[in-house]
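Working notes, beginning with the structure itself.
Numbering (my numbering), first residue to last: 75 to 501.
And the structure:
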């Protein structure tokens, strides 16, 4: 057997194979043994039909496909391993010559992971990230907690104000005709939430309980329904209830209700400390995102198309899984945003390309800096995450090869990002 490897542009590699006819004969024998029981010819018991009779009845090439798969699969795997090829897409096979008394000749075309060497990765310029917490940030957080602990009261003799919770009936009309999906009863809407089409919520302000009103609204130009996109409509609305939040006072009693502290000042101090800790973590993430962006920009080679398509496949699979948690399938989502699979793939393309470049760049730096994870570090990380998320048995995970490989890569990535950030220059 001989194999010739030709590396072409854009990470394309062509492997040319030539298998001696004797070896192909062996593959034909193996193919016949595997499939003999499937050949049924009158006068012979199942599995006892001679090979020459099978070939005469079904044609000489009846076993060629099976024999080719047997021999080509083995030779391809050997060639990939011996030449350290990191294949990133499904191989394309082209049989040049095949026959009982001929050498088997075929080519397999693959795309391999591009070779990337990132230089000057120390001293990356990134924007300065602030870790400061302002009094405004603290006050906003306190007000969020205050709002979550508000008492909702129903108002009888009042008019709708911004931030009120309203309960309404509505029905939408386009050119005087009701449209699908434009009707609801006892619908709860918070004024100012922006959850309805633009201009609708503001026109409820000033209404009284029991009042009916026609509201003129225009659907956004990019609305998912083509029938309604950019169209002027009228909604007939009836107001049933007005609810308003009654905020608790920010005092010692409030602190006792929402925390383990006896005074508001103690509680306020703890909230500030928590915000500072959270801000530090966010700052780390922001710096890491910046150095990742810089690395990806340093990858200037052409990424092979099959590699991009494969990454898009992965992205869509993950996206579809996330949609399922919301009770939506991919087909419904595409209808909602008025696109098809081709359009969806196009939307994910740029991000997929960026992810590939980021991964290649990070692998390059990691190899140059020789980042790795020791067995002790892997064990420690497994224990840390098992405790943090309360999932899985640490002992069994430590003996799981896939889990250890995952943790090894995670630790290497953490070391890499820490290294890049420490060597970056904030301006």
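All C-beta atoms in this analysis are idealised placements derived from N, C-alpha and C, irrespective of residue type, glycine included.
Own chain partners of residue 300 with C-beta closer than 8 Å, once the 5 adjacent residues on each side are dropped: So the list reads 412, once near-sequence residues are dropped.
The region 229-238 in contact with the region 297-312 per 3-pair CB rule at 8 Å: They do not touch, by the three-pair rule.
Close-in-space but distant-in-sequence residues of the same chain around residue 325 (CB under 8 Å, 5 per side omitted): By the criterion of a C-beta distance shorter than 8 Å, residue 325 is surrounded in its chain by 338, once the five residues flanking it on both sides are discounted.
Status (buried if at least 16 other CB within 10 Å, exposed otherwise) for residue 119: Its Cβ having fewer than 16 others within 10 Å, residue 119 is exposed.
Residue 366, DSSP secondary structure in three states: DSSP, read as helix, strand or coil, puts residue 366 in helix.
Selected residue, minimal CA-CA separation from residue 285, among 174, 401, 242: With distances taken between Cα atoms, residue 285 lies closest to 242.
Contact between the region 153-161 and the region 170-180 (3+ Cβ pairs under 8 Å): These segments do not touch.
Assumed close pair residue 87, residue 78 - CB separation to whole angstroms, cut-off 8 Å: Contact between residue 87 and residue 78 is absent: CB atoms are separated by about 11 Å, not below the 8 Å threshold.
Rounded straight-line distance, which links the Cα of residue 240 to that of residue 213: Roughly 27 Å separates the two Cα atoms.
Cβ-based burial, residue 373 [other Cβ within 10 Å; buried from 16]: With 16 or more other Cβ atoms inside 10 Å of its own Cβ, residue 373 counts as buried.
Beta bridge counterpart(s) of residue 184 as assigned by DSSP: Here residue 184 is bridged, per DSSP, to 87.
Which of helix, strand or coil DSSP assigns to residue 417: Look at residue 417 here: in three-state DSSP terms it is helix.
Sequence ranges, beta strand (DSSP E) only - wholly within the region 284-340, length at least 3: For the beta strand (DSSP E) assignment, the uninterrupted runs of no fewer than 3 residues enclosed by the region 284-340 are, from N- to C-terminal side, 286-292, 306-320.
Local Cβ density within 10 Å of residue 294, reported as buried at 16 or more and exposed below that: Classification of residue 294: exposed, given that the 10 Å Cβ count is below 16.
Closer than 9 Å to chain B by CB, residue 498: Protein chain content of the structure displayed is limited to a single chain, and chain B is not contained in it.
Straight-line gap, residue 377 to residue 331 (C-alpha atoms, nearest Å): Their backbone Cα atoms lie some 57 Å apart in a straight line.
Contact between the region 388-396 and the region 341-357 (3+ Cβ pairs under 8 Å): Touching, no.
Segment contact flag, the region 398-418 with the region 460-479, C-beta cutoff 8 Å, min 3 pairs: Not touching, per the Cβ criterion.
Residues bridged to residue 192 [DSSP beta-bridge criterion]: Under the DSSP definition of a beta bridge, residue 192 lacks any partner.
Beta bridge counterpart(s) of residue 252 as assigned by DSSP: Residue 252 is bridged by DSSP to 247.
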